[in-house]
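First residue of the sequence shown? That's 6 in our numbering, and the numbers climb one at a time after it.
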Amino acid sequence: MTDPVRRQLLRLGTLAAAAAPLARATGTAAAAGRGHSRFPDAWFPVTDHGAVGDGTTDCTAAVRSAVRACHEAGGGHVLIPPGRWATGAIHLLSGVDLHVAEGATLLFSTDPAAYLPVVRTRWQGIEVYNYSPMIYAYGQHGIAVTGRGVLDAQGDNAHWWPWKGSGQYGWEPGMPDERADWATLEQWGTQGVPVTERVLGEGHYLRPSFIQPYACTDVLIEGVTLRNSAFWNIHPVLSRDISVRDVRIECEGPNSDGCDPDSCENVTIERVTFATHDDCIAIKSGRDEDGRRVGVPSRRIRIQDCVYLSGGAAVAIGSEMSGGVSDVIARRLRLPFDPDLGEASVASVLVVKSTPTRGGYVRDVRVTDVDAQAWTYVPFEVTFQYAGGTGGTLPAEVSRLSAARWSLGGHCEYPVRVRARPEAPVSDVRLDRLAFGDAAQDMLLQSVTDLSLHRVTVNGRLQEGPV
6 MTDPVRRQLL RLGTLAAAAA PLARATGTAA AAGRGHSRFP DAWFPVTDHG AVGDGTTDCT
66 AAVRSAVRAC HEAGGGHVLI PPGRWATGAI HLLSGVDLHV AEGATLLFST DPAAYLPVVR
126 TRWQGIEVYN YSPMIYAYGQ HGIAVTGRGV LDAQGDNAHW WPWKGSGQYG WEPGMPDERA
186 DWATLEQWGT QGVPVTERVL GEGHYLRPSF IQPYACTDVL IEGVTLRNSA FWNIHPVLSR
246 DISVRDVRIE CEGPNSDGCD PDSCENVTIE RVTFATHDDC IAIKSGRDED GRRVGVPSRR
306 IRIQDCVYLS GGAAVAIGSE MSGGVSDVIA RRLRLPFDPD LGEASVASVL VVKSTPTRGG
366 YVRDVRVTDV DAQAWTYVPF EVTFQYAGGT GGTLPAEVSR LSAARWSLGG HCEYPVRVRA
426 RPEAPVSDVR LDRLAFGDAA QDMLLQSVTD LSLHRVTVNG RLQEGPV
């Protein structure tokens, strides 16, 4: 068994072990049925529409037929029963709960043509018509993806991931990649090209998100396991009233963000377990000129009782945040240590990241009750040195950040690092009862105003008072 395969098996085993006590403590089993009351007790098995669960028969038309029938009947549950069901893009309609039963696996096609025609989406903060996300909804109300089954995008070093253009993910010289298309999209955003004229898709290489409700309200994602995404996993855009709970996300691919609310309002993320290669949760609101054009912030985000096994940050804000982010509360976060996982860990508990000129604001962010025994690079970070961007002159405004009751037993490089610019200092930072047990460096603070430390210890040394 190769080391990467062994690490993946260990990670999945640890994922289940880490989630089990949390499920018992918070009543996950009971929670599994809570969302069902939103929907009529009407069931539409995909087998009634011709689906065959043999793992090879294309069930796309059958699933879409069941979704349509459910919607036209006034809503209910489209049932994916136990079995292995091959499918292309699934488009949800109002009133439909896509229920993936325990023992069921939806296997999403690795053929890009299965995600055509193009749909309106947002790719790294810029609007575009591109391949459909694997599960997509546009302008719908009261939709859900629930159950104890598995959604497998089948991304790997032979499918989807090579489009990143990195040898780490199977790309070799001469193979196509996303870089030219991404440069084109950034240029379209900078120049204000009408969104209807920004069409990629067939013959292009921007990977689709896994689950994306776009301009939707009342969205529930509950209970399912997501594996091997092509790109971002759960990516609600310009939507509100969203609940993501009791979900497991497992992906070691490029840009494998776990859950990215993007210009969204009233979002709850709870009891989710993350094993990703990129940020676990990343709150966004559009990128550069295009983000400011849309001008819709993310706000009222609630995160609680989540487990983080690997990823860039447990909670990130940015780097695409030109529309603004405010009122974020995260609490009871756990970053467990498992020596069998080796390098698997999370780089930060909280990071606010942007370029020097992206604009936007981040206000009123509070992260409390963190138990992080694993390695972290910089647990608390604010940086404006993030790469990327297409010009501009607007610095971001960052203010009113607070952290309380963190216990960090693992090694870190800097316990707290804030790298702001003199013309745009970070203001009103409150750190209360934080314990960093093994830090290589002291706190690094550049251009911070109104910083308060209360019972903060670094390697056993108390650091307290206004700074």
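Just so it is clear, CB atoms sit at the ideal spot from N, CA and C, and this is done for glycine as well.
It should be emphasised that the depicted structure is a prediction, and the values quoted were computed from it without experimental measurement.
- Comparing alpha carbon positions, the residue from Gly-414, Ala-163 and Val-356 closest to Ala-379 is Gly-414.
- Between Cys-64 and the set His-76, Asp-102, Trp-48 and Gly-88, the nearest pair of CA atoms involves Gly-88.
- Measuring C-alpha to C-alpha distances from Arg-337 to each of Val-200, Lys-358, Val-351 and Cys-311 identifies Cys-311 as the nearest.
- In the three-state scheme derived from DSSP, where H, G and I count as helix and E and B as strand, Pro-341 is classed as coil.
- In this structure, DSSP gives Ser-70 a helical state, which the three-state scheme calls helix.
- Membership of Gly-317 in the beta strand (DSSP E) is indicated by the continuous run 303-322.
- A Cβ-Cβ distance of about 7 Å is found for the pair Cys-221 and His-146, placing them in contact under the 8 Å criterion.
- Secondary structure of Gly-291 (DSSP, three-state): strand.
- Short of 6 Å from the beta carbon of Arg-339, and not among the five residues preceding or following it, lie these beta carbons of its own chain, in chain order: Val-312 and Asp-376.
- Around the beta carbon of Gly-172, a 10 Å sphere encloses fewer than 16 other beta carbons of the protein chains shown; the residue is thus reported as exposed.
- Unbroken beta strand (DSSP E) runs of no fewer than 3 residues, entirely contained in the segment 253-281, are found at 253-255, 270-275 and 278-280, following chain order.
- In the structure shown, Leu-458 adopts extended strand secondary structure according to DSSP, grouped into three states.
- Burial is judged here by how many other beta carbons sit within 10 angstroms of a residue's own beta carbon; Asn-260 has at least 16 and is buried.
- According to the DSSP assignment, Leu-436 belongs to the beta strand (DSSP E) that extends over 431-444.
- If you draw a 10 Å sphere on the C-beta of Glu-428, you find fewer than 16 other C-beta atoms in it, and that means exposed.
- Straight through space, the alpha carbons of Leu-103 and Thr-362 are spaced by roughly 41 Å.
- Around the beta carbon of Pro-199, a 10 Å sphere encloses fewer than 16 other beta carbons of the protein chains shown; the residue is thus reported as exposed.
- Looking at the backbone, the Cα of Ser-234 and that of Arg-466 are separated by about 43 Å.
- The Cβ atoms of Ala-335 and Asp-284 do not sit closer than 7 Å to each other.
- Note that the C-beta distance between Val-249 and Ile-286 is not below 7 Å.
- Take the alpha-carbon of Ser-290 and the one of Gly-206: they are about 23 Å apart.
- For Met-180, the number of other beta carbons within 10 angstroms of its own is below 16, and it is reported as exposed.
- The three-state secondary structure of Glu-191, taken from DSSP, is helix.
- With respect to the C-alpha of Arg-297, the residue from Gly-152, Val-434 and Gly-194 having the closest C-alpha is Gly-194.
- A residue is called buried once 16 or more other Cβ atoms fall within 10 Å of its Cβ, and Glu-132 is buried on that count.
- Judged by their CB atoms, Leu-458 and Val-423 are not nearer to each other than the 7 Å cut-off.
- At a Cβ-Cβ threshold of 7 Å, Val-123 and Thr-92 do not count as neighbours.
- About 5 Å separates the Cβ atoms of Tyr-219 and Tyr-143, confirming a contact at the 8 Å cut-off.
- Using a 10 angstroms sphere on the CB of Asp-262, the tally of other CB atoms reaches 16 or more, which defines it as buried.
- Ranking Asp-265, Ala-109, Leu-231 and Val-272 by CA distance to the CA of Arg-253 puts Leu-231 first.
- For Ala-377, the three-state secondary structure derived from DSSP is strand.
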